[in-house]
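Colleague:
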Amino acid sequence: MRLINRHPDRPSRLLLVILPFALVLLAYFLGSAERLTDNPNDKLLPSAVQMTDAVKRLAFVADTRTGEYVLWQDSASSLRRLAIGLGISALAGLCLGMAAGTLPLFGAPLSPLLTVLSMVPPLAILPILFIVFGLGELSKVMLIVIGITPALARDLEQRTREIPVELLIKAQTLGASTWTLMLRVILPQLLPRLLISLRLMLGSAWLFLIAAEAIASTDGLGYRIFLVRRYLAMDVILPYVVWITLLAWLMDWGLKRLTQRAFPWYEGARA
Amino acid sequence: MSFITVKNVWQQYADQVVLEGLNLNVNEGEFCTLVGASGCGKSTFLRLLLGQEKASRGEILLDGQALAGEPDSSRGVVFQRYSVFPHLSVLDNVALGLELPRSPLLGRLFGSAKKDAREQASVLLHKVGLGHSLDKYPAQLSGGMQQRLAIAQALIMKPRVLLLDEPFGALDPGIRKDMHQLLLELWRETQLTVFMVTHDLSEGFTLGTRLLVFDKVRIDPHAPGAYGARITYDIPLNSDRRAHRAAVDALPIELAGTLRTA
């Protein structure tokens, strides 16, 4: 039988899902064990015990100086920045994309501008953001906003244009004005596409967040990783990376479930 | 004075002439079927009537007034595909037509007004045979059911003109027969003037009270775009239905009303 026609059944699919993760973990712990037998003070590939100790210290023991639990404090700060940044970007991207995609008079000046803006590497203007918005929360949120809004807006503009023109004509024959047409026909059809777009942007958003935290911050997941880097504390860095990955995956999964639940009519939601 | 007057209409894209020298008078309540080869401008003519496009030359009058330059609620339309809103339930697809004109700010009604609109929509949907699927989304309906929905959606606006662009082109023959019956019933009950583009000649002959054939009279083999299509045949059909419609129109309004809904 051709390879293209061979599908895994349920148990073998599960096995195939787990397999690569298991292999990666196996390779890591074999390497770690080998290095640690050579040199018990090796810091590069910490063992599971060392990492568990580090996590216990950061997550369940209050910091002696501030009295806070570092991991949760870092997570809360980072997630707050991320949520505000993503929220502002989603709103701005939706408005810009919908206006550019629906109204030719708005699209004419907006589309080329958004195309050019989305080509500006956000990290290159990070220093400008620090100069303009200071070193506080605002500049970190702004980096996320500036980083993902143009791409979101361009994507949503494209999605708006994919709405069949027949539907727009039909709405006009049903007595819609430009405003009510956007409100009742275009917006509801864009919302699931916005959520999908956001899922694809999550990776970039995390990237910008960690970059901003690494450079100027006093807490946050990115800050912690770059702080302990000085002591080569891989036992902290690796669990933090896993934790960030888990958070990002949960957000992705949550957005996917939300798309399916809130927009049952949207066939793309199943993907 | 005829209801729709087409005066010397030309439609041209760049150097491609699609329609040339179109002249036509249509009375209120006529059922015109438009047939012709692919790409001969039937659908273009329909788009002109809809206001989706503007004629390069000439004018179209509706009731003596120049046609509005954009689609509006005086002309309903059913396309072959994409006629219904995928994000609204069957009921809301039809109720939308009642909500939009009455709520310019939110495009949505609330409370008893909303209930009212939904009730009206539900009556119409029962009439077109969709009474049992009010809460479904269009994607859950078959092609024929979606077109029934699209027709109901257009009719809730009580338009004076109904434009159909190959509405049954994607349906299988059995369903198509049912749709013909439904369409004729609705046409008899309302005072609708219908323009229907079709590829199916027999459909054109059975449904219409008037068959308009679009064809190119002049062809220059060296410049295929130089000449456009005209209406080459204008055939009156189904004289019984025409006579019935004329007789009804001659009656006093109160009587005519009861006859139409009968």
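For the record, the sequence lines run as chains A and B.
The C-terminal position of the first sequence is numbered 271 in my numbering, with every residue numbered one higher than the one before it.
The C-terminal position of the second sequence is numbered 1262 in my numbering, with every residue numbered one higher than the one before it.
Beta carbons: idealized from backbone N, C-alpha and C, even for Gly.
1) Could you tell me the alpha carbon to alpha carbon distance between Ser1239 (chain B) and Val1077 (chain B), rounded to whole angstroms?
2) In whole angstroms, what is the alpha-carbon distance linking Ala271 (chain A) and His7 (chain A)?
3) Count the other CB atoms within 10 Å of the CB of Tyr223 (chain A); is the residue buried (16 or more) or exposed (fewer)?
4) Is Gln1052 (chain B) close to chain A, meaning its C-beta is less than 8 Å from at least one C-beta of that chain?
5) Going straight from the alpha carbon of Ala233 (chain A) to that of Asn41 (chain A), what length do you get?
6) Which residues mark the beginning and the end of the beta strand (DSSP E) in which Gly1036 (chain B) is found?
7) Would you call Thr52 (chain A) buried or exposed, if buried means 16 or more other Cβ atoms sit within 10 Å of its Cβ?
8) Could you give the distance in angstroms between the alpha-carbon of Asp74 (chain A) and the alpha-carbon of Asp9 (chain A)?
9) Excluding the five sequence neighbours on either side, which residues of its own chain have a C-beta within less than 7 Å of the C-beta of Gln1080 (chain B), listed in chain order?
10) Can you list, in chain order, the residues of its chain with a C-beta nearer than 6 Å to that of Gln1016 (chain B)? Leave out the 5 residues immediately preceding and following it.
11) What residues match up with Arg1057 (chain B) in a beta bridge as DSSP calls it?
12) In chain A, which residues lie less than 7 Å from Phe1085 (chain B) when you measure between Cβ atoms?
13) Which residues bound the alpha helix (DSSP H) around Gly85 (chain A)?
14) Going by DSSP, which residues form a beta bridge with Met201 (chain A)?
15) Could you say if the stretch 1176-1189 of chain B and the stretch 1094-1103 of chain B meet the contact criterion of at least three C-beta pairs nearer than 8 Å?
16) Spell out a yes or no on whether the stretch 139-149 of chain A and the stretch 88-101 of chain A are touching, meaning 3 or more CB-CB pairs, one atom from each, closer than 8 Å.
17) Would a C-beta distance cut-off of 8 Å place Gln189 (chain A) and Leu181 (chain A) closer than the cut-off?
18) Just list the beta strand (DSSP E) runs in the stretch 1114-1177 of chain B, keeping only unbroken ones of 3 residues or longer that don't cross its boundaries, in chain order.
19) Take the Cβ of Gln1181 (chain B) as the centre, count every other Cβ of all protein chains shown within 10 Å, and call the residue buried at 16 or more, exposed below.
20) Skipping 5 residues on each side, what residues in its chain have a beta carbon closer than 8 Å to that of Leu14 (chain A)?
21) With a cut-off of 8 Å, does the C-beta of Ser197 (chain A) fall near any C-beta of chain B?
22) In chain order, what residues of the same chain have a beta carbon less than 6 Å from the beta carbon of Phe1085 (chain B), not counting five sequence neighbours either side?
23) May I ask you to list, following chain order, the residues of the stretch 1129-1140 of chain B that have a beta carbon less than 7 Å from some beta carbon of chain A?
24) Give the residues of chain C in contact with Leu1100 (chain B), contact being defined as C-beta atoms less than 9 Å apart.
25) Taking 8 Å as the CB-CB cut-off, is Asp1116 (chain B) touching chain A?
26) Along the stretch 1062-1077 of chain B, what residues have a CB closer than 8 Å to any CB found in chain A?
27) By the criterion of Cβ-Cβ separation under 7 Å, what are the contact partners of Phe1079 (chain B) in chain A?
28) How many Å lie between Thr66 (chain A) and Leu79 (chain A) at the Cα?
29) In chain order, which beta strand (DSSP E) runs of at least 3 residues are fully inside the stretch 178-250 of chain A?
30) Using a threshold of 8 Å, state whether the C-beta atoms of Leu114 (chain A) and Arg154 (chain A) are closer than that.
31) Using CA coordinates, which residue listed in A:Glu166, A:Leu105, A:Leu26, A:Leu255 is at the minimum distance from Leu198 (chain A)?
32) Using a Cβ-Cβ cut-off of less than 8 Å, give me the residues of the stretch 1215-1244 of chain B that come near chain A, in sequence order.
33) Which chain B residues sit within Cβ distance under 7 Å of Gln260 (chain A)?
34) Can you list, in chain order, the residues of the stretch 1177-1199 of chain B whose Cβ is nearer than 8 Å to any Cβ on chain A?
35) Against Gln189 (chain A), what residues of chain B qualify as contacts under a CB-to-CB distance less than 9 Å, listed in chain order?
36) For a contact meaning CB atoms closer than 9 Å, what does Arg1108 (chain B) contact in chain A?
Modeller: Answer, in terms of the structure:
1) One-based indexing of the second sequence puts residue 1239 (chain B) at position 239. One-based indexing of the second sequence puts residue 1077 (chain B) at position 77. Whole-angstrom Cα-Cα distance: 26 Å.
2) The residue given as residue 271 (chain A) occupies position 271 in the first sequence. The residue given as residue 7 (chain A) occupies position 7 in the first sequence. At Ala271 (chain A), the pLDDT of 48 sits below 50, so the modelled position is not reliable; the number obtained from the coordinates is stated separately. C-alpha separation (whole angstroms): 18 Å.
3) Taking the first sequence and counting its residues from 1, one reaches residue 223 (chain A) at position 223. With 16 or more other Cβ atoms within 10 Å, it is buried.
4) Here residue 1052 (chain B) refers to the residue found at position 52 when the second sequence is read from its first residue. It does; some Cβ of chain A falls within 8 Å.
5) Against the first sequence, residue 233 (chain A) aligns to sequence position 233. Against the first sequence, residue 41 (chain A) aligns to sequence position 41. C-alpha separation (whole angstroms): 12 Å.
6) For the purposes of this step, residue 1036 (chain B) is taken as the residue at position 36 of the second sequence. Note, Gly1036 (chain B): beta strand (DSSP E), 1031-1036.
7) Counted from its first residue, the first sequence places residue 52 (chain A) at position 52. Classification of Thr52 (chain A): exposed, given that the 10 Å Cβ count is below 16.
8) For the purposes of this step, residue 74 (chain A) is taken as the residue at position 74 of the first sequence. For the purposes of this step, residue 9 (chain A) is taken as the residue at position 9 of the first sequence. Using only the alpha carbons, I get a separation of about 42 Å.
9) Taking the first residue of the second sequence as 1, we reach residue 1080 (chain B) at position 80. Once the five neighbours on either side are set aside, the close Cβ partners of Gln1080 (chain B) are Asp1165, Glu1166, Pro1167, Gly1169, Ala1170.
10) Position 16 of the second sequence, counted from the first residue, corresponds to residue 1016 (chain B). Within the same chain, Gln1016 (chain B) has close Cβ partners Gly1225.
11) For the purposes of this step, residue 1057 (chain B) is taken as residue 57 along the second sequence, with counting starting at 1. In DSSP, Arg1057 (chain B) forms a bridge with B:Trp1010.
12) Residue mapping note: residue 1085 (chain B) aligns to position 85 of the second sequence, counting from 1. Chain A residues near Phe1085 (chain B): Leu167, Val185.
13) Reading the first sequence from its first residue, position 85 is the one you call residue 85 (chain A). Gly85 (chain A) -> alpha helix (DSSP H) spans 70-102.
14) Translated into the one-based positions of the first sequence, residue 201 (chain A) becomes position 201. None, per the DSSP bridge assignment.
15) no
16) yes
17) Against the first sequence, residue 189 (chain A) aligns to sequence position 189. Against the first sequence, residue 181 (chain A) aligns to sequence position 181. For Gln189 (chain A) and Leu181 (chain A), no; Cβs fall outside 8 Å.
18) 1161-1165
19) The count along the second sequence starts at 1 and reaches residue 1181 (chain B) at position 181. Counting Cβ neighbours within 10 Å, Gln1181 (chain B) comes out exposed, since fewer than 16 surround it.
20) Counting from one through the first sequence, the residue named residue 14 (chain A) turns up at place 14. Correct list: empty, nothing qualifies.
21) Your numbering for residue 197 (chain A) matches position 197 in the first sequence. Ser197 (chain A) does not count as touching chain B.
22) Taking the second sequence and counting its residues from 1, one reaches residue 1085 (chain B) at position 85. Cβ within range, chain order: Asn1093.
23) Tyr1137, Ala1139
24) This model lacks chain C altogether; the protein chains it does include are A and B.
25) Reading the second sequence from its first residue, position 116 is the one you call residue 1116 (chain B). No - not a single Cβ of chain A is within 8 Å of the one on Asp1116 (chain B).
26) Glu1070, Pro1071, Asp1072, Ser1073, Arg1075, Gly1076, Val1077
27) For this step, residue 1079 (chain B) is matched to residue 79 along the second sequence. Going along chain A in sequence order, the residues near Phe1079 (chain B) (Cβ under 7 Å) are Glu166.
28) Here residue 66 (chain A) refers to the residue found at position 66 when the first sequence is read from its first residue. Here residue 79 (chain A) refers to the residue found at position 79 when the first sequence is read from its first residue. Straight-line Cα distance between these residues: approximately 20 Å.
29) none
30) Numbered from its first residue, the first sequence carries residue 114 (chain A) at position 114. Numbered from its first residue, the first sequence carries residue 154 (chain A) at position 154. Going by C-beta atoms, Leu114 (chain A) is nearer than 8 Å to Arg154 (chain A).
31) Within the first sequence, the letter at position 198 stands for residue 198 (chain A). That would be A:Leu255, whose Cα lies nearest to the Cα of Leu198 (chain A).
32) none
33) The residue labelled residue 260 (chain A) in the question sits at position 260 within the first sequence. Chain B residues near Gln260 (chain A): none, gap ~14 Å exceeds 7 Å.
34) none
35) Locating residue 189 (chain A) in the first sequence gives position 189, counting from the first residue. Within 9 Å Cβ-Cβ: Phe1085, Pro1086, His1087.
36) What you label residue 1108 (chain B) is simply residue 108 of the second sequence in a count that begins at 1. Ordered by position in chain A, the residues that pass the 9 Å Cβ test against Arg1108 (chain B) are Thr180, Leu183, Arg184.
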